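Take a look at the structure set out below.
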Amino acid sequence: MESQLPGTDPRQSDRPAAPVEPNVDDRYLVVGGGRRGRALADSLASHHTVVHVDTDPDAVADVANYDAAHVPDEAALVAQVVAHAAPTDPLVVLAPTDARTLLLVQRLRTTGAFERIYAALQDPRNAAAFAIPDVEVVCPGDAIAAAIATGRTNVHRDD
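Structure representation (structure tokens):
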């Protein structure tokens, strides 16, 4: 077993624990997700440059307003992202299950090539498994609830 030099533990980070605010100039990479990934890429593309890489050919077919690529499997998915993403490109990882999302996040994180990875979870009870430096958990249910709450406070009513 090899020993590590002090201060080189890849699990530790000196980056702040607070979420990093996205920059309007960021290019987002949507990794996987099938139809959910496509919907997210479509939404992000209205304000950002987007690339969507997926193993589901239907999810990346006939895309007009951003770049999209089909890859045959998860190994190719990771290789494609590592080869073409810049370190500052935020990655949004979606998979059919939280377990698959965790595996993809771990594979991408261990490359050391990315500063920000967002893991979209299906079940917020799994968030503790994603306590990985530079990985932020996004729970769609929480995001929907926040959007509804914000919409209620911003909607003008004539009653």
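Going left to right, the sequence shown walks through residues -1 to 157 as this note's numbering numbers them.
Note that CB positions come from ideal geometry on N, CA and C, so glycine has one too.
Being a predicted model, the structure only gives us computed values, none of them experimental.
Is the number of C-beta pairs between the stretch 91 to 98 and the stretch 111 to 122 that are closer than 8 Å three or more?
yes
Using DSSP with H/G/I as helix, E/B as strand and the rest coil, what is D65?
strand
Less than 9 Å between the beta carbons of D52 and A67, yes or no?
yes
Using a 10 Å radius around the Cβ and a threshold of 16 neighbouring Cβ atoms, would you call H82 buried or exposed?
exposed
Is it a yes or a no for the stretch 128 to 135 touching the stretch 95 to 103, going by three-plus beta-carbon pairs under 8 Å?
yes
When burial is assigned at 16 or more other CB atoms within 10 Å of the CB, is A15 buried or exposed?
Here the model assigns A15 a pLDDT of 43, short of 50, so the residue's position is not dependable, and the following value carries that caveat. The residue in question, A15, is exposed, as its Cβ has fewer than 16 Cβ neighbours within 10 Å.
For G31, which of helix, strand or coil comes out of DSSP?
coil
Cβ-Cβ distance between L27 and V49 below 9 Å:
yes
Hey, which unbroken runs of the alpha helix (DSSP H) at 4 residues or more fall wholly within the stretch 59 to 130?
72 to 82, 96 to 108
Which two residues bound the contiguous beta strand (DSSP E) that contains T53?
Taken as a continuous stretch (DSSP letters only), T53 belongs to no beta strand (DSSP E), as it is neither H nor E.
Please state if the CB of G30 and the CB of L75 are separated by a distance shorter than 9 Å.
yes
If you compare alpha carbons, which of R107, N63, D54 is closest to V69?
D54
What's the C-alpha gap between D87 and R25?
5 Å
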